[in-house]
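A short write-up of the structure that comes next.
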């Protein structure tokens, strides 16, 4: 591992300080590309206008017409947290806007696979739906959309995944990554796309005279989708004055859509999309409402089940507490449990569902732990102890659970710093010969593009594939696993150089001792950090006083060290190797609360032991005095 400090443009940091930003935050923001304080404005008025999304006007008109005709709408969701939150946002939002018949369906991970298939389209039609809406899927569902259209359904695709060579013949497609879409935020999650569709739909309904004019005034935001008929700008908190148009009935108060932002924030962070400026604003708005106690009953119950405090909610809570509990339902059970939890307004029912999801997540962790250990042994068997790992890792075991392969792939990728695929045998009836894999990548290696190249070089090896740069999935025939393994490694060898294959941990450099305060940690935690806008990580050479293994499995390293002349406690989770007496550490800041006392501690992220080689400090067998 090589620990590297980020460059901090001095002019940008100075400008932010002059604008009133705290000096430490100014330094952190400047290192992440922020050049002016206006970029930190998370107000709703700063959101990108919906009109920038290709196809959003057609989508709004389709939904408005369907509602005017009292048609039945059915949402087809993905079975991860982004899909669940997008579904919940769609159901809640459409009902808020006046839709009377809104249903949803989630494909079964094992039997149905991912996305809108022909069989799913038939099930939607059997339910009596008139309009099929996809969330967080559909851009690659050419056959599924064709089947839906053949059955007489109108189809709206809302998605954010990369399209394949052919787009589905849907009535409308909203996806920032579809060809010809000028929307600046290409990283918006599926739940964000659905939220934007609702904004455009509200503008369309307002233009048709559905809402009472006196209730429609509100702060401006960007602009509206072209073709929706909006007379002015809109905001999730309100709207502009409507134009006279054909009415769908007696005007009624215009609903606010901003309560949906709690779910948008959760799904955005949980899907690990890049937190560009627009996504950060969506997340910030959601966090503000949760901290103020304004959230659905299911979200509140998930905070309780995870033993997290909503008044001080952070993006970490979304990514590592709430998100995994919802994801667990799709991995091991039925994602309708997660969606129902997000839809219910009954606190008792929400608590019951959250407890169920918590139990499923504990089961997921147990399965993951066993698979992770086995997969790591298999991965490490691919190379000798004194050798570098191959440029890409692919592992398969007949006993692996397909619902957890993505998590295990992520763990191996983190440990070996290699693009990694983990495969499990399909549990679907009649598909026992298929292996379903999930992959995770490293910076500099576009995983979906790599799969595309494998498919072109070895026709027939990949039965299905899709995904993003950093995460992707695929299905291969069991007998073709070795071919896939070698083919992916070959692509990685061609694309990745030694520098890319060396794990680099970017940090924010040294931390001044005056910032090692609990209130400063609280300030940092209130900000929006995540993928593409990394949480603050500092690096500094420290003196190690003592260290010992702690935890039930003695798999965490508890450290007492000297930082800038001051004693401080640190912990390195899931690490057992002792540290030298002096070492360059990369660490995040946290607060340890004990008996009413709040003390800063370091959460160790990595160590560069070759920076300052010294004799190793022995691990303590008892708590140091």
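In my numbering, the protein residues as written are 1416 to 2040. Backbone N, C-alpha and C fix where the C-beta goes; we use that ideal spot for every residue, glycine too.
Item checked: Test item: CB-CB of residue 1605 and residue 1530 under 9 Å -> No Cβ-Cβ contact shorter than 9 Å links residue 1605 with residue 1530.
Next item on the list: Return helix, strand or coil for residue 1534, following the three-state DSSP convention.
Entry: Residue 1534: helix per DSSP, three-state reduction.
Margin query: Once DSSP output is grouped into helix, strand and coil, what is the label at residue 1489?
Written below: Residue 1489: strand per DSSP, three-state reduction.
Note to self: Measuring straight from C-alpha to C-alpha, what distance separates residue 1661 and residue 1623?
What the structure shows: Reliability of the predicted coordinates at residue 1661 is poor, the pLDDT of 38 falling under 50, and the value obtained from them is presented with this limitation in mind. Rounded to the nearest whole angstrom, the CA to CA distance from residue 1661 to residue 1623 is 5 Å.
Checklist line | Residue interval of the alpha helix (DSSP H) (run including residue 1573) | finding: Unbroken run through residue 1573 is the beta strand (DSSP E), 1569-1573; no alpha helix (DSSP H).
Check: By Cβ distance below 7 Å, which residues in the same chain neighbour residue 1936 in space, the five residues on each side in sequence not counted?
Finding: Cβ neighbours of residue 1936 beyond the five flanking positions: 2004, 2005, 2006, 2015.
Note to self: I need the DSSP call for residue 1444, collapsed to helix, strand or coil.
What the structure shows: The answer is helix: DSSP assigns residue 1444 an H, G or I state.
Item checked: Minimum C-alpha distance to residue 1425 - residue among 1417, 1416, 1451, 1418 -> Nearest C-alpha to residue 1425: 1451.
Margin query: So, at 7 Å on beta carbons, what are the nonlocal neighbours of residue 1445 in its own chain, with the 5 sequence-adjacent residues on each side left out?
Written below: Taking C-beta separations shorter than 7 Å and ignoring five residues to either side along the sequence, the partners of residue 1445 in its chain run 1423, 1424, 1427, 1428, 1431, following chain order.
Note to self: I believe residue 1729 touches residue 1940 by the beta-carbon criterion, under 8 Å. Please report the beta-carbon distance rounded to the nearest angstrom.
What the structure shows: Rounded, the Cβ-Cβ distance is 5 Å, consistent with contact.
Check: Does the segment 1507-1514 come close enough to the segment 1664-1680 that 3 or more CB-CB pairs lie under 8 Å?
Finding: Counting Cβ pairs under 8 Å, three or more are found: they touch.
Notebook entry, point to check: Between which two residues does the alpha helix (DSSP H) carrying residue 1887 extend?
Noted result: Here residue 1887 belongs to no alpha helix (DSSP H); instead the beta strand (DSSP E) covers 1886-1892.
Check: If you follow the alpha helix (DSSP H) that residue 1507 is part of, which residue opens it and which one closes it?
Finding: Annotation for residue 1507: the continuous alpha helix (DSSP H) segment containing it runs 1496-1511.
Next item on the list: Please classify residue 1944: does DSSP put it in a helix, a strand, or coil?
Entry: In the three-state reduction of the DSSP assignment, residue 1944 falls in the coil class, being assigned neither a helical nor a strand state.
Note to self: Contact defined as beta carbons within less than 8 Å: I believe residue 1760 pairs with residue 1712. What is the distance between those atoms, to the nearest angstrom?
What the structure shows: Confirmed, Cβ separation roughly 6 Å.
Notebook entry, point to check: Are three or more beta carbon pairs between the segment 1811-1826 and the segment 1785-1798 nearer than 8 Å?
Noted result: Contact annotation: the segment 1811-1826 touches the segment 1785-1798, with at least three C-beta pairs closer than 8 Å.
Notebook entry, point to check: Tell me which same chain residues have a C-beta within less than 8 Å of the C-beta of residue 1862, skipping the five on either side of it?
Noted result: The residues are 1834, 1854, 1855, 1856, 1882, 1883, 1884, 1885, 1886, 1887.
Next item on the list: Spell out a yes or no on whether the segment 1554-1569 and the segment 1844-1851 are touching, meaning 3 or more CB-CB pairs, one atom from each, closer than 8 Å.
Entry: Contact fails: fewer than three Cβ-Cβ distances are below 8 Å.
Checklist line | Span separating the alpha-carbon of residue 1841 from that of residue 1670 | finding: The straight-line gap from Cα to Cα measures roughly 45 Å.
Check: Ordered along the chain, which non-local residues of its own chain (more than five positions away) have a Cβ less than 6 Å from that of residue 1495?
Finding: Excluding positions up to five away in sequence, the list reads 1742, 1745.
Next item on the list: Whole angstroms is fine: what's the gap from residue 1892's alpha carbon to residue 1948's?
Entry: Cα to Cα, the separation comes out at about 38 Å.
Check: Between residue 1515 and residue 1723, what straight-line distance do the alpha-carbon atoms span, to the nearest angstrom?
Finding: Within the model, the alpha-carbon separation for residue 1515 versus residue 1723 is close to 35 Å.
Item checked: Beta-ladder partner(s) of residue 1877, from DSSP -> Paired residues: 1891.
Check: Could you give the uninterrupted runs of the beta strand (DSSP E) lying entirely in the segment 1739-1819, keeping only those of 3 residues or more?
Finding: Secondary structure remark: continuous beta strand (DSSP E) runs of at least 3 residues inside the segment 1739-1819, in chain order: 1808-1811.
Notebook entry, point to check: What first and last residue would you give for the beta strand (DSSP E) that runs through residue 2007?
Noted result: In the DSSP assignment, residue 2007 falls within the unbroken beta strand (DSSP E) covering 1997-2009.
Note to self: Taking a contact to mean a Cβ-Cβ separation below 9 Å, would you say residue 1492 touches residue 1532 in this structure?
What the structure shows: At the C-beta level, residue 1492 and residue 1532 stay beyond 9 Å of one another.
Margin query: Taking its Cβ as the centre, do 16 or more other Cβ atoms sit within 10 Å of residue 1954, making it buried, or is it exposed?
Written below: Buried, by the Cβ-count rule.
Check: Does the distance from the CB of residue 1794 to the CB of residue 1716 come in under 9 Å?
Finding: It is not a contact, given that the beta carbons lie outside the stated cut-off.
Check: If you follow the beta strand (DSSP E) that residue 1587 is part of, which residue opens it and which one closes it?
Finding: That run of the beta strand (DSSP E) goes 1587-1589.
Check: Hey, is the segment 1579-1586 in contact with the segment 1602-1619, meaning 3+ C-beta pairs nearer than 8 Å?
Finding: The answer is no - the segment 1602-1619 does not touch the segment 1579-1586, with fewer than three Cβ pairs under 8 Å.
Notebook entry, point to check: Who are the near neighbours of residue 1699 in its chain, counting only those whose CB is closer than 7 Å to its CB and skipping five residues on each side?
Noted result: Apart from sequence neighbours up to five positions away, the residues of its chain that approach residue 1699 with a beta-carbon distance below 7 Å are 1457, 1943, ordered along the chain.
Note to self: Going by DSSP, what residue range makes up the alpha helix (DSSP H) through residue 1671?
What the structure shows: Counting along the chain, no alpha helix (DSSP H) covers residue 1671, and no H or E run does either.
Notebook entry, point to check: Looking only at its own chain, which residues have a Cβ that is under 6 Å from the Cβ of residue 1439, when we skip the five neighbours before and after it?
Noted result: Here residue 1439 has 1930 as same chain residues with Cβ atoms under 6 Å from its own Cβ, once five neighbours each way along the sequence are excluded.
Next item on the list: Return helix, strand or coil for residue 1693, following the three-state DSSP convention.
Entry: DSSP places residue 1693 in helix when its eight states are reduced to three.
Note to self: Can you tell me where the alpha helix (DSSP H) holding residue 1914 begins and where it ends?
What the structure shows: For residue 1914, the enclosing alpha helix (DSSP H) has its first and last residue at 1913-1916.
Item checked: contact_flag[the segment 1584-1594, the segment 1565-1575] where n(CB pairs < 8 Å) is 3 or more -> With a cut-off of 8 Å, the segment 1565-1575 and the segment 1584-1594 count as touching, because enough Cβ pairs lie within range.
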